[in-house]
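Numbering (the numbering used here), first residue to last: 17 to 708. Reading through the structure tokens given below for one structure.
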């Protein structure tokens with residue numbers, strides 16, 4: 017009861033602090049609205065919307081002054097900046113609004129979970145689950161905004177097509193279509209038009225590429241700039257610009273369909289994976305009320321291991337689902353700006369020496385395998401930092417396992433001291449008389465176990481005498497057989513023997529090291545899963561390259577280097593190899609292309625590079641890709657089949673990851689306790705038969 021009151025006080029105090037910060041921010045916002053000025057400025061700030069925006073802006077400035085709130089705010093802002101990079105005021109308002117929504121949902125969920133099961137361990141579990149749900153809600157919001165942007169881009173391209181057919185000017189068509197478009201695509205159309213009409217359009221487009229939220233906007237801006245630079249081509253097939261817009265529209269439509277179908281197939285699986293956390297305590301209460309003997313299992317070491325394993329399965333399943341439906345484009349754009357905590361630790365001499373000891377030797381197969389795995393999965397860490405992460409996870413998991421072993425021994429001792437006598441009621445609930453008798457027996461056992469006169473190896477007759485001296489008057493009545501010296505002595509001897517066995521045993525250290533090894537190999541297994549997921553999308557990106565090269569090859573003055581630059585700005589999976597090729601291209605074009613071919617792990621991409629090698633010095637680009645037009649229909653069907661297969665594979669993996677915690681809850685929290693109760697019941701029946 018004291019712990020419940022403490023948790024309620026903590027939750028209430030957090031709510032009061034949250035309301036005080038909210039009132040303070042609103043008061044400052046109103047004061048600024050009153051003192052800001054008069055006329056149009058006052059009119060713009062009038063009304064609830066203006067006050068709410070002022071409150072959010074003031075809350076933003078206050079949140080930056082608190083360390084832990086600033087960390088959450090920066091995380092939300094980094095994710096929201098994908099869509100609102102150019103409007104600082106709008107970005108702050110939306111980031112703070114999203115933070116308030118997440119804080120409210122997390123607070124309500126934490127209070128609900130703590131009411132269901134007040135406890136320190138469950139409170140820590142609830143905090144972890146709240147952090148996971150916060151990430152899920154944030155990803156859901158951002159994915160919805162990204163789909164809205166892509167759908168807005170479809171309407172923009174349709175408007176550009178009609179405007180270009182009227183006056184034949186790419187920049188004017190972008191400007192005219194952007195005026196009729198909705199936000200936020202209207203803002204991007206304005207930026208693209210400004211870059212196209214700039215005195216140095218190439219540099220202006222480079223600046224836009226750095227902040228563009230997706231590769232389709234980059235491709236649209238790049239095609240428009242190429243048409244303005246080289247002119248439109250019409251070789252009996254219609255306008256090159258319009259055909260390029262048509263192909264780009266098809267790519268966007270396919271991506272929108274992919275996102276929507278993937279969201280539909282994986283819809284709700286992340287929350288289904290979190291459901292067992294909310295139902296562990298209700299299931300446990302139902303099992304104890306229906307089968308009282310199962311309480312011994314839930315409070316024993318196997319029960320604690322089942323709880324810890326269930327929580328671990330929930331966290332791993334949620335992490336794998338996020339990896340499964342996560343978008344690579346966001347990670348690729350923000351990878352270089354983030355300094356990993358492993359890099360900070362690697363600067364320290366001690367950590368660097370430890371990491372170097374676990375790195376495979378140069379030239380070994382293990383080193384080549386890890387390097388290729390990091391490359392195929394497009395991981396941001398180097399081999400040294402990746403090994404350092406694995407070592408730290410090994411140490412952390414081993415320490416947690418050792419600490420958990422000591423904690424389980426301590427909890428087991430507490431349970432043994434408070435364990436009631438073995439009853440004979442297996443179904444339903446205990447009567448009030450049985451419950452009172454069990455409580456009297458537990459009080460007697462605790463008094464004897466804490467007595468200095470009771471020790472291990474004590475003679476049974478001496479123990480009976482001590483029980484007669486310690487037991488209260490009337491304890492030897494037939495109405496209380498649990499307090500009889502014979503039954504109490506057998507019970508005390510059993511508890512003493514069990515207490516003597518509750519210590520950290522030698523084999524628990526290798527077991528903890530085994531758990532540490534599982535943590536050591538977890539990043540490696542995640543890389544294997546990520547590579548498998550990325551392999552599904554590698555062909556799709558090559559097909560996108562071929563679709564756009566089909567348009568670019570008709571430009572007379574286009575070069576191989578310009579095609580590589582365009583591929584780099586459009587690429588996600590092959591971004592790093594293309595960047596390396598462009599850096600080495602000026603020092604030897606053929607060598608750079610051959611190196612790019614060797615680094616590519618996909619046959620279709622290698623064939624594409626072979627054609628670029630031919631077009632670099634021997635034949636024209638149009639001649640190198642002369643068979644591309646005839647293969648477009650076949651590639652489209654092949655791409656559609658690959659698209660279906662990729663989605664089916666992800667859906668199958670998603671269902672497996674999503675329902676694994678629910679199956680674990682049913683099997684670990686219902687089936688295993690009932691099986692354990694059955695064996696325990698058989699033991700008690702055998703003991704009764706032996707005493708007949």
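Glycine is no exception: its CB is placed at the ideal position from the N, C-alpha and C atoms. Given the structure is predicted, the values throughout are model-derived calculations rather than measurements.
Inset, instruction - Going by CA-CA distance only, name the one from 531, 540 and 591 that's closest to residue 554. - result: 591
Legend entry - the segment 677-697 / the segment 312-329 touching (three or more Cβ pairs under 8 Å): yes
Inset, instruction - Could you give the DSSP three-state label for residue 197: helix, strand or coil? - result: coil
Legend entry - residue 692, DSSP secondary structure in three states: helix
Inset, instruction - Determine the extent of the alpha helix (DSSP H) in which residue 626 is found, giving its start and end residues. - result: 619-633
Legend entry - When 164, 123 and 688 are compared against residue 145, the one with the closest alpha-carbon: 123
Inset, instruction - Identify which residue in 506, 415 and 384 has its Cα closest to the Cα of residue 527. - result: 415
Legend entry - Contact the segment 267-274 vs the segment 162-182: 3+ CB pairs below 8 Å: yes
Inset, instruction - Tell me whether the beta-carbon of residue 383 lies closer than 9 Å to the beta-carbon of residue 399. - result: yes
Inset, instruction - Name the residue from 155, 198 and 314 whose alpha carbon lies nearest to the alpha carbon of residue 692. - result: 314
Legend entry - Reduced DSSP secondary structure (H/G/I, E/B, other) of residue 571: coil
Legend entry - Residue from 589, 198, 232 and 181 with nearest C-alpha to residue 263: 232
Legend entry - Limits of the alpha helix (DSSP H) - the one that residue 312 falls within: 310-315
Inset, instruction - Report all residues from its chain with a CB closer than 7 Å to the CB of residue 205; omit the five preceding and five following residues, and keep chain order. - result: 172, 190, 193, 194 and 197
Inset, instruction - Under 8 Å Cβ to Cβ from residue 644, same chain only, skipping five residues before and after it: list those, please. - result: Cβ-Cβ distances below 8 Å link residue 644 to 562, 565, 566 and 569 in the same chain, with the five nearest sequence neighbours on each side left out; the list follows chain order.
Inset, instruction - Rounded to whole angstroms, what's the CA-CA distance from residue 54 to residue 105? Just pull it up for me. - result: Any answer about residue 54 is weak, because its pLDDT of 42 lies below 50 and its placement is not dependable; what the coordinates show is given next. Spanning the two alpha carbons is a distance of roughly 21 Å.
Legend entry - residue 482 - DSSP class collapsed to helix/strand/coil: helix
Legend entry - Run of the alpha helix (DSSP H) containing residue 232, from where it starts to where it stops: 231-246
Legend entry - Residue burial classification, residue 703 (beta-carbon count within 10 angstroms, cutoff 16): exposed
Inset, instruction - With a 10 Å radius around its C-beta and 16 neighbouring C-beta atoms as the bar for buried, classify residue 242 as buried or exposed. - result: buried
Inset, instruction - Identify which residue in 245, 299 and 256 has its Cα closest to the Cα of residue 181. - result: For residue 181, the closest alpha carbon among the candidates 245, 299 and 256 is that of 256.
Inset, instruction - Rank 373, 617 and 379 by C-alpha distance to the C-alpha of residue 548 and give the top, closest one. - result: 617
Inset, instruction - Helix, strand or coil for residue 147, going by three-state DSSP, please let me know. - result: helix
Inset, instruction - Mark residue 406 as exposed unless 16 or more other C-beta atoms lie within 10 angstroms of its C-beta, in which case mark it buried. - result: Looking at its Cβ environment, which holds 16 or more other Cβ atoms inside 10 Å, residue 406 is buried.
Inset, instruction - Output the boundary residues of the alpha helix (DSSP H) element that contains residue 307. - result: Element bounds for residue 307: n/a, residue is neither H nor E.
Inset, instruction - Throw me the rounded Cβ distance for the residue 337 and residue 670 pair, which I believe falls under 8 Å. - result: 6 Å
Inset, instruction - Going by CA-CA distance only, name the one from 153, 413 and 502 that's closest to residue 116. - result: 153
Legend entry - residue 586 burial status per 10 Å Cβ neighbour count (16 or more: buried): buried
Legend entry - Exposed unless 16 or more other CB atoms sit within 10 angstroms - verdict on residue 286: buried
Legend entry - Alpha-carbon to alpha-carbon, residue 92 and residue 236: Residue 236 and residue 92: Cα-Cα distance of roughly 28 Å.
Inset, instruction - Compute the beta-carbon to beta-carbon distance between residue 370 and residue 677, rounded to the nearest angstrom, for a pair I have assumed lies under 8 Å. - result: The distance from the Cβ of residue 370 to that of residue 677 is about 35 Å, inconsistent with a contact at the 8 Å cut-off.
Inset, instruction - Report all residues from its chain with a CB closer than 8 Å to the CB of residue 367; omit the five preceding and five following residues, and keep chain order. - result: 361 and 404, listed in sequence order.
Inset, instruction - State buried or exposed for residue 298, treating a residue as buried only when at least 16 other CB atoms are found within 10 Å of its CB. - result: Classification for residue 298: exposed.
Inset, instruction - Return the CA-CA distance between residue 245 and residue 651, expressed in angstroms with no decimal places. - result: 30 Å
Inset, instruction - Please classify residue 131: is it buried, with 16 or more other beta-carbons within 10 angstroms of its beta-carbon, or exposed? - result: exposed
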